[in-house]
Every structure is written in C-alpha cells, then in structure tokens.
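Since the structure comes first, as structure tokens, the remarks are kept for the end.
Residue numbers (my numbering), protein chains in the order written: chain G, 92 to 330; chain V, 92 to 330; chain S, 92 to 330; chain W, 92 to 330.
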C-alpha cells in the first residue's frame, strides 16, 4: 500500500460514508508524506451539531496503522461520550482545540492537525523568544486558490502562530480570543483557514473531510515554498 | 499504484491510442511527484488542427483521481464544443493559454501545466515587484539535451517569467506578444520550450504527449538544480 | 513492496514474536527512507539478560534485502555464540557499541544504528576539528514528546556527538565514560535516548523494538528540522 | 512496481545471471530515485575481455522502461558488434567513456553513469569558468567505507571533475590522461572510484554490477551530505 492507494481508499471510503476508513486512509497517506510521524497528529470529524459531537483519533496512536477502534466520540467539552466509556482508548489532550475550532466555525465538518518538517520549521522561526504570537504571511501565490473561498493569487493569508503549551485550557483560551475576535476581518491574526503552534504543527479545517485534507496539502506546499523563497531572498546577491 | 506503475500505464495507454487514460496516468504520476497538488494543473492534447480542437482537463479536478468524464473538448477560442455542452464539466479559465500555445506552435500536440515547489519558488524569485516580465536562464547543463532539438549542453535556454494574473485575456495578450514576436531568435524572452507564471507554475509543450511529459521532467530537474546552485553560489566563501 | 507495506510487515512480525522478520522489515523500511543505504547500519535486540545475549545483524549486509540467516547471536563481549560458530556470518565491529548500550541501560530491549543524510550532516557540523566531543541540542519541539518519558516540548535533549573511530575498543571506552558518568543528570553529554558519531550516524534504543524504531523516526525528523532551522536562523535578515 | 520491488528484481536477475533484466531493474530503480530522468544515463557490463566487449544501453532510451532490445554490444572502440548491426538501436556517444574506463581498470565488470540533482549541482560548483578540471573532495565520512577497498572513514576520496564536452574523443582523451597517469597515487585527480562531468553527472564502476550500483548509492548519499555541509559551513555563525 502506498500514497496513491491511500488516496484512492480515502475517496472510496468517503463515497461509502465510512468516516473511520477515510480517517485511517488519511493516516496512512499523511504518515508516508511525513506529516504525521511517530504518534503525532490528531484528526476529527463533526458527527453532530446540536449538541456538538466529534469523532476523533484516540491518544497516542501510530497514524500509519489506525484500526477502527482507535477513535473516540466526544462532546463539546472534549468529554468522552457514554458509549465509549468502556473503551480502553483515551482522547488526546488536544481534543479541546478540535472542540474550540468546531464551535468557532459553525460550518466546519472536519479538523486535521499535523506535524510536518516545514510547519515545524516555519512556525518556530516566526516566533521570537519573547513573543506569544506571530504570523506566517502567505502572499501572492496561485496555490492559495486551493484554500476554500480564495479566488485570486493576489491576496495575503495570514496564518497565526501561537506559542506552544502543554496546558490545553490556557492555550485554547489564547486561541479563542483570536478566533472569536469581534472584527475578524480587521485582524492580521484572524485565522481564516488554519493556524500554527510554534515548533509543533498545523491546524486546519474544512466543511468536509476532503476539503480539510486539501487544505493540509495546500498549506504544506506553501510552507515549503515560503521556506525556500525566504532562503533565496535573504542570501547576498551574487557578484 | 505508484509512480512507476503510473508511468507504465501512461506508456500502455499511449500505445493503445487512449489519450484520456494517458492523461489520467500523468495526473497520478504528477500528483505523486508533487507537481500537481490540490486541484492545480491543466493538461491538454491537440485533437484537431483545422479547425483547432483540444481535449483538456475540466476545471477544478483532483489530478490524482481523474475519471474519463473529467475532460472537455474546446475550440480555438476555448469554447466548449457542442457534444460537451450537456456535460456538467466546465473548462478551466486557463484554457485560453492552452489555445494560445497550440495556435502559436503549429506542430505542438500536447500542453502540460504544473504547479511545483521549485517552479513556484524560482518564478517568484525571478520577478522584482515592479516587473511584468523576468527570465530564468538555464545554461550549460547536460540535462538541457532532454529538451527537443537541443544537442549540446553548451547553450542557454531562457524561460520567460510572466507576472501572474487572474484576467486570462489580459495575461494571454501579454504572452502572445512574446510568443508571436517577429524575430523570436533575437529575444531573450522567446520561449522555445516553456514559460513560467510568477508564483504559479510552468507551461511546457511537445509534439506528442510523451515529449511534453519529458519536458516537464527535464524542467523540474533543472529548476531544482538551479535553486541549489544559486544558494551555493551566493553563500560566502568558507574561511 | 514499499514503506507502508514494510511498516505493516513490521507490526505483524512483532505481534507474532518473530524478531528476525521484524528486523528485516525495519531494514526494508529504513533503506527506502534513506537511513540505511549501502551496507551501512546495524540493528539488534536483547534476547537474554543473565547472561546478556543480543541478536544482531551480521557484518556487511544490504539492509534492504536481509534474509533470516543474516543475523548472529553474541554475548556481552560481542563474541559470537557457539551455535553460530559454524555460520559463515561475522558480527560487525560495531557490535561492541550495541553491547555497551545494552549493559548501560538495563531496560533496553533493542538498539538501532542508522546512517542518514541529516544525522551525518549535523553530527559533522557539531564537532570542531580539535574536539573529541560535541552536542546537538534539541530544544522546545513538540515532536520531542515522541521520545519515551518526555511529556512536554519545554525541554532540551542533548544528543552527544562523539568523534568517529575505527578502533571500537577505544571508541566504546570514550562512550562508556559518558554513559556511566556518576551523575548523569548533571551532564550535557548524558545521552538519554541516543548519541551520534560524527560524520557517521545515530545510535538510539528503546525498551522494545517498536520504541527504538519510533526513536529513529523522531530523531530523524528533528535532525532535519534543526538543519533547516539553523539555516533560516543564520541567514541575514531580509532588507 | 516501486523502488524496493526494483531492488528485489535486481537481486533475483543477478542470481539468475540475467544481465539485461538486472540492468532494466537498475533503470527502474534509478529513475524512481531521480538519478536517471528523461532519457539520461548509460549503464554497461563487461561481457568479454579478450577482446573487450561491453553490453550497453542503447542511445536515447527512457531508463524507467528499458526492454530487452534496448541494449547493444560494442567492442573496445565503441563500435557495435556484427550481431547488432541489423538492430535499429544506436550506441550512445558516451559509449567511448565506458570503453575507456573498462580499458583503464582491468578488473572492472560494470560501469554506471547517472545524472542526479546533487551530482549536477556539486560538479558545476566545483569548476570555475576558466578551469578544465576540478575536484570534489569527500573526507572523513563513515559512508566512504561503502566504496570498495576503503576500510576507514579517516581518508579522503578526491572525485575529479572534468569540464563537460560533446566531443567524446576530446573528452575521453582528457580523462585518459588522468586515468593513465604514471603515478596515480600521487595525483589528487586520480579517480579511484568515479569521476564527475561538470553540470552533467557521475561515472562510477565496480568489479560487479552490484558493486557499481552500491557505488552510485554511496556517492549520491555523500554528494547530498556535502552540499548540505557546505551550506551549513559557509553561513555566518548565529549571533
């Protein structure tokens, strides 16, 4: 099995409405693309809205080898739902961030969190030691049109970068302040399609799982381009 | 399925004269080589010359999963031909550029447009903010001999870089001025084998689909080499 | 067969208690990930503790094509055990380092040694020509939590770098001095999860083979991130 | 089919004494590792010594899709042997260099020529515009032990870099002067295991095809390491 087979499995699972199989295919694909190594990353889909319910990968699983049992369902506070209480699985501490995103954007249907080489590198470089918040600005690239709703390259997407924390309540409060800011459009830090945790990774989302997956692909492409661009732009001119 | 299987599918489809299958195999290959991520890229083949007809990928399709229905036929103005008018597919806005290339070069049989990491990076670096046009110069590499008609490394291929635009009429007019310049050989910007859109990607072509595919492979190789070369050349000498 | 298939073979072999098959799957995976090219690398598992016994890859084997016969069993001094004396296989000179690690850490169950692009590059850059010992400091990355026992990104893992040598007795004595240092926690050079040989590669370990494999994956990820980070941090600020 | 399958096909073909199948497997592997893109590269095996006979890939073939007919046999002057005269295949112009290498080293059994990203980049950077000859020095790396006969990392392998030429007689004369130099050991340019053509690629060889293939793998690894090393060494120290 390889990346292309995984992508095909993903499409077939989606078509069959089998969300677990689709998430498992994403795990295999993202592991082979080096976006979900070790036991890093979390993936979720919104399975109910009133009240909010998310199906999310259980804590500490190797994403290249997820089984159908490696998921839990949680409510809006991240608490595991009754039917899963006898399961040996735990929800990840980062479940809170998935809940926060699902609550902040009523039309979000899926949330993907990954740990890639370039997201880690750029997010770390974007934050000075004394800062709690930074930004990775992506401006003028045609590939931005792969982010939902963007119709021209002639725009700037500001991806907020938050200082990493192991205290998920504190971290989600900091992110909430930005996500729920009264005038989103006026803020450089208003995350339209995703945000970064410094030295940690990317959160992005979509109305559907397919859209969220595409956003990961687009962001990862752009992060790598920006890193190379940055190096070329900062080297001295050749003599 | 993987890259080598895709390449084999491509050859078999070509041998059988099945252009859609060949283009679908190119989509799978180029996605796995990271040249056609998201729903980026467009591929076309010339299916008629008098009058001009192109078979081209429909707008907004994931290139790793093209079906036989994900194509449309267009005339020289990019208008979808009658038989396709009941199809739900749309032609891409960039169809105009494919038409322009097919019209400018009477022996072109296939046109490929891709969005790679290095084409995006180099094309962006090649254009200063105030410029409408730049150039990526590829000089002295043996691999240049992979471009049709080039018999020695001791030559320079100037790949023009055009400022990106969402206005395809305006953009194609700018490109047309260069493609149709009276004395092509005297111009640095005369694109013999391909051109770049800044921060966007590569257009290349060939008499056959196999030749166009080889040109993508050659250009992508050379873009990556040039980027590394550029970095090594601009670093300070070691002490 | 490819990387994902190898990972699956690995899990199935472990589940079946078939250590040789698991090590062979690791060889195929690590070769395709470019961590064990040529005939480089050595892998071992602890098969006995009183007295110490290790099952280790024989000397000079291509890791992408290990057979069940490409292993030997050795005692704590690295001497091949009786049952293997008629085998044509030899133990690698580096067997001594595997023995040293197994003896230094009583709960270690597996030891993996690889030669990757980034481990080679970073370990070489970490050592000045006149030094016998250096360090690669990995600080503040979320991915550090993939190393056993680490619960927060807010920590620093110092990976010692030892000058390379072909004299395994001399080299293992130098490493032993550090591994057996009375107050490990006070030393920057105390290797908690692994160490590097300069211009050579990585040694890491785990209580189980799965844990050691995960440590390779985590370290390799972090080495690549640190190299890119290093480049971005040392370039002049853009004007 | 993928890289690991190709490597397995290679081993099985060698075991069966089927040289064409082994060379075809090398083609598929090297294409997927980006060492033989487009129609670049040539591979040969020595099939006779008195008089010299080589079986070599025909000119202009896609190395990912070689058939059993894509080879020719040549004599020591590179002339196609009688049995092949009715074949539509041509020998490559670079056949002369294969003949020269086979004649210079009596124990050589196979010669491989590749065009990789890093061989192209480093070989180009190693030659100043006014020079006909340069060198890539590989010193102090453990992976050097993958080159036949090298027993310690504590050595320097000087890979000569020759200015590229389309005149194979002129080029092979220049290389011959170096290969046949009376006191090889005293010359920095004496190629023990391979040489580079600037902006073009690598030639390496071995007593067997397996040894030559391993040398490609080792050199490619080391070229990439050296490029990264070079960048890290030449950046300003961080403040």
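Positions of the beta carbon are idealized from the N, C-alpha and C atoms, including for glycine.
Note that the structure is a prediction, hence the values are computed from the model and not measured.
Counting C-beta pairs closer than 8 Å gives fewer than three between the stretch 217 to 225 of chain S and the stretch 184 to 200 of chain S, which falls short of the contact rule.
Within the same chain, 121, 126, 203, 205, 293, 295 come within 8 Å of residue 307/G by CB-CB distance, once the 5 residues on both sides are set aside. Closest by C-alpha distance to residue 130/G, out of 311/S, 237/S, 328/S, is 237/S.
Neighbours of residue 243/G in chain V, taken as residues whose beta carbon is under 7 Å from its own, are 257 in chain order. For residue 312/V, a Cβ of chain W is located within less than 9 Å of the residue's own Cβ. With respect to chain S, the C-beta atom of residue 189/G has no partner C-beta closer than 9 Å. Only residues of its own chain outside the window of five on either side were considered, and among them 112, 113, 116 have a CB closer than 7 Å to the CB of residue 104/V, listed in chain order. DSSP lists 253/S as the bridge partner or partners of residue 224/S.
Chain-order list of chain G residues neighbouring residue 102/S: 156, by C-beta distance under 8 Å. Per DSSP, residue 125/V lies in no alpha helix (DSSP H) and is assigned neither H nor E.
A straight line joining the alpha-carbon of residue 188/W with that of residue 174/W spans about 22 Å. When the beta-carbon positions are compared, residue 259/V and residue 149/V stay at least 9 Å from each other.
No Cβ of chain S is located within less than 9 Å of the beta carbon of residue 265/G. Interface residue (Cβ-Cβ distance to chain W less than 9 Å): residue 305/V is classified as such. In the DSSP annotation of this structure, the continuous segment of the beta strand (DSSP E) that includes residue 201/G starts and ends at 201 to 205.
Considering only 146/W, 155/W, 147/W, the residue with the shortest C-alpha distance to residue 97/W is 155/W. Straight-line spacing of the CA atoms in residue 118/S and residue 318/G works out to 32 Å.
Residue burial annotation: residue 168/V is exposed, with fewer than 16 other C-beta atoms found within 10 angstroms of its C-beta.
Separation of residue 142/G and residue 172/G (C-alpha to C-alpha, rounded to the nearest whole angstrom) is 12 Å. Listed as beta-bridge partners of residue 133/V by DSSP are 204/V.
Scanning chain G for C-beta atoms nearer than 8 Å to the C-beta of residue 329/S yields 321, 324, 325, reported in chain order. DSSP places residue 164/G inside the beta strand (DSSP E), whose first and last residues are 162 to 165. Short of 6 Å from the beta carbon of residue 157/W, and not among the five residues preceding or following it, lie these beta carbons of its own chain, in chain order: 115, 118.
At a beta-carbon threshold of 8 Å, the residues of chain S lying near residue 232/W are 211, 215, 290, 291, ordered along the chain. Of the candidates 134/S, 124/S, 272/S, 252/S, 252/S places its Cα closest to the Cα of residue 214/S. Here the alpha carbon of residue 299/W sits roughly 23 Å from the alpha carbon of residue 288/W. In this structure, the beta-carbon distance from residue 140/W to residue 311/W does not fall below 9 Å. C-alpha of residue 245/V to C-alpha of residue 224/G: approximately 51 Å in a straight line.
Between residue 216/V and residue 136/V the beta-carbon gap is near 32 Å, outside 8 Å, which marks them as no contact.
Between residue 290/W and residue 231/V, the beta carbon gap of about 5 Å places them in contact (Cβ cut-off 8 Å). Going by beta carbons, residue 257/W and residue 242/V fall inside the 9 Å limit. Ranking 182/S, 146/S, 315/S by CA distance to the CA of residue 228/S puts 315/S first. In chain V, no part has a C-beta under 8 Å from the C-beta of residue 120/G; the shortest such distance is about 10 Å. Of the other Cβ atoms in all chains shown, 16 or more fall within 10 Å of the Cβ of residue 233/V; this residue is therefore buried. Looking at the DSSP output, residue 171/V bridges to 165/V.
In chain order, 319, 323 make up the part of chain G whose C-beta sits under 8 Å from the C-beta of residue 318/V.
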